[in-house]
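Numbering (the working numbering), first residue to last: 35 to 142. This report concerns only the one structure given below.
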């Protein structure tokens, strides 16, 4: 793809499937192709929320899939986990600005 050629990148439960060492390269590539003022939407399992679910209910089965992927088919494995702070830092390191949390149940 050409530099600055897309207005929106939406990825829902994709980034956690990349190995940790590959995430900076992936984010830099998304930054390269996104037009200035474009929108990158990322949805990943939130480690803080996963921990809260475990703390609240004490059942490992409720969080294993979010942490490691369900592993019910070949590529359904999570190599990564994020919380808002770590993902924000990675995005800013890749050149993104105006990083903010959004509610996945709402759209613009």
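Cβ coordinates follow ideal geometry from the N, Cα and C atoms, glycine included.
- By the CB criterion at 8 Å, residue 40 and residue 69 fall inside the cutoff.
- Under the 8 Å Cβ criterion, the stretch 93-112 does not count as touching the stretch 54-72, having fewer than three qualifying pairs.
- Within 10 angstroms of the beta-carbon of residue 78 lie 16 or more other beta-carbons, which makes it buried.
- Going by beta carbons, residue 48 and residue 124 fall outside the 8 Å limit.
- For residue 127, the enclosing alpha helix (DSSP H) begins and ends at 118-127.
- For residue 108, the secondary structure class from DSSP, reduced to helix, strand or coil, is coil.
- DSSP lists 46 as the beta-bridge partner residues of residue 77.
- With a cutoff of 8 Å on beta-carbon distance, residue 115 and residue 50 are scored as near each other.
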